[in-house]
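Enquirer: Just remember that our numbering sits 6 ahead of the position in the sequence shown, which is counted from 1. Even for Gly, the Cβ is constructed at its ideal location relative to N, Cα and C. Handing you this structure, nothing more for now.
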Amino acid sequence: MHNTILLEISGLNMENVTIAFVGYLIVFSALVLLYFVFNSLPKLINFQARIKLRKKGYTEIAQKKDLSISGPVAAAIAMALHEHMGELHDDEETVMTIKRVARVYSPWSSKIYGMRQPLR
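Printed below as a string of C-alpha coordinates:
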(Lines of atoms letter the chains of each structure in order from A and count residues from 1; the text may use other names and numbers.)
(Lines give C-alpha, C1' and ligand atoms only; values in the text may rest on other atoms or scores of the structure.)
Protein backbone atom coordinates (compact mmCIF):
# COMPACT_ATOMS: atom_id res chain seq x y z
CA MET A 1 0.00 0.00 0.00
CA HIS A 2 1.63 3.20 -1.19
CA ASN A 3 0.75 6.66 -0.06
CA THR A 4 0.40 8.94 -3.03
CA ILE A 5 0.07 12.67 -3.07
CA LEU A 6 -1.81 14.14 -5.99
CA LEU A 7 -1.14 17.69 -7.06
CA GLU A 8 -4.14 18.97 -8.88
CA ILE A 9 -3.31 22.11 -10.81
CA SER A 10 -6.62 22.42 -12.59
CA GLY A 11 -7.91 24.79 -9.87
CA LEU A 12 -4.81 26.97 -10.14
CA ASN A 13 -5.41 30.31 -11.83
CA MET A 14 -3.53 33.58 -12.15
CA GLU A 15 -5.38 35.20 -9.27
CA ASN A 16 -4.17 32.51 -6.85
CA VAL A 17 -0.62 32.75 -8.16
CA THR A 18 -0.69 36.54 -7.80
CA ILE A 19 -1.96 36.35 -4.22
CA ALA A 20 0.74 33.82 -3.31
CA PHE A 21 3.48 35.87 -4.99
CA VAL A 22 2.41 39.11 -3.30
CA GLY A 23 2.24 37.32 0.06
CA TYR A 24 5.76 35.94 -0.33
CA LEU A 25 6.99 39.34 -1.49
CA ILE A 26 5.53 41.06 1.59
CA VAL A 27 7.04 38.50 3.99
CA PHE A 28 10.52 38.62 2.45
CA SER A 29 10.54 42.41 2.20
CA ALA A 30 9.53 42.60 5.89
CA LEU A 31 12.40 40.25 6.76
CA VAL A 32 14.87 42.37 4.79
CA LEU A 33 13.55 45.52 6.49
CA LEU A 34 13.91 43.91 9.93
CA TYR A 35 17.47 42.88 9.07
CA PHE A 36 18.41 46.46 8.25
CA VAL A 37 16.66 47.82 11.34
CA PHE A 38 18.39 45.37 13.68
CA ASN A 39 21.70 45.88 11.92
CA SER A 40 21.59 49.68 12.30
CA LEU A 41 20.11 49.76 15.82
CA PRO A 42 23.46 49.61 17.69
CA LYS A 43 24.81 52.45 15.56
CA LEU A 44 21.76 54.57 16.37
CA ILE A 45 22.06 53.84 20.09
CA ASN A 46 25.78 54.76 20.07
CA PHE A 47 24.98 57.96 18.18
CA GLN A 48 22.38 58.99 20.76
CA ALA A 49 24.73 58.10 23.61
CA ARG A 50 27.45 60.28 22.09
CA ILE A 51 25.02 63.21 21.80
CA LYS A 52 23.97 62.84 25.46
CA LEU A 53 27.59 62.60 26.60
CA ARG A 54 28.52 65.76 24.68
CA LYS A 55 25.56 67.64 26.19
CA LYS A 56 26.68 66.67 29.70
CA GLY A 57 30.25 67.78 28.98
CA TYR A 58 31.93 64.39 28.65
CA THR A 59 33.50 65.12 25.27
CA GLU A 60 36.56 62.89 25.83
CA ILE A 61 34.34 59.88 26.50
CA ALA A 62 32.08 60.74 23.55
CA GLN A 63 35.10 60.74 21.22
CA LYS A 64 36.06 57.16 22.09
CA LYS A 65 35.74 54.68 19.27
CA ASP A 66 34.00 51.99 21.34
CA LEU A 67 31.36 52.95 23.90
CA SER A 68 30.25 49.42 24.67
CA ILE A 69 30.43 47.90 28.13
CA SER A 70 32.25 44.60 28.59
CA GLY A 71 30.40 41.46 29.64
CA PRO A 72 31.75 41.22 33.22
CA VAL A 73 30.99 44.89 33.86
CA ALA A 74 27.44 44.50 32.55
CA ALA A 75 26.99 41.40 34.74
CA ALA A 76 28.23 43.28 37.81
CA ILE A 77 25.85 46.17 37.13
CA ALA A 78 22.93 43.78 36.61
CA MET A 79 23.74 41.94 39.85
CA ALA A 80 24.00 45.21 41.77
CA LEU A 81 20.62 46.32 40.41
CA HIS A 82 19.11 42.95 41.31
CA GLU A 83 20.45 43.18 44.85
CA HIS A 84 19.23 46.77 45.18
CA MET A 85 15.75 45.92 43.94
CA GLY A 86 15.65 42.88 46.20
CA GLU A 87 16.19 45.06 49.26
CA LEU A 88 12.84 46.75 48.73
CA HIS A 89 11.18 43.76 50.35
CA ASP A 90 11.54 42.54 53.90
CA ASP A 91 14.44 40.26 54.64
CA GLU A 92 13.10 36.80 55.21
CA GLU A 93 15.09 33.95 56.61
CA THR A 94 14.77 30.97 54.36
CA VAL A 95 15.73 27.66 55.90
CA MET A 96 15.84 24.74 53.55
CA THR A 97 15.74 21.29 55.07
CA ILE A 98 16.50 18.18 53.10
CA LYS A 99 15.28 14.97 54.65
CA ARG A 100 16.53 11.62 53.44
CA VAL A 101 13.71 9.22 52.66
CA ALA A 102 14.08 5.74 54.09
CA ARG A 103 12.50 3.94 51.13
CA VAL A 104 14.38 4.16 47.88
CA TYR A 105 11.68 2.55 45.71
CA SER A 106 9.38 4.91 43.86
CA PRO A 107 6.88 4.09 41.12
CA TRP A 108 8.22 7.11 39.23
CA SER A 109 11.60 5.46 38.86
CA SER A 110 10.31 1.93 38.30
CA LYS A 111 10.97 0.58 34.83
CA ILE A 112 8.23 -2.06 35.02
CA TYR A 113 5.49 0.54 34.59
CA GLY A 114 7.12 1.80 31.40
CA MET A 115 6.86 -1.59 29.73
CA ARG A 116 3.83 -2.61 27.73
CA GLN A 117 1.52 -5.10 29.34
CA PRO A 118 0.82 -8.25 27.25
CA LEU A 119 -2.66 -8.54 25.74
CA ARG A 120 -4.89 -11.23 27.24
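For residue 14, does the three-state DSSP call read helix, strand or coil?
Expert: Here residue 14 sits in coil by DSSP.
Enquirer: If you drop the 5 nearest sequence neighbours on each side, which residues of the same chain put their C-beta closer than 6 Å to that of residue 52?
Expert: The answer, listed in chain order, is 73.
Enquirer: Would you report the Cα separation of residue 68 and residue 41, rounded to the nearest angstrom?
Expert: Residue 68 and residue 41: Cα-Cα distance of roughly 27 Å.
Enquirer: In this structure, how does DSSP classify residue 143 when only helix, strand and coil are distinguished?
Expert: For residue 143 there is no data in the structure shown, the boundaries of the chain being 7 and 126.
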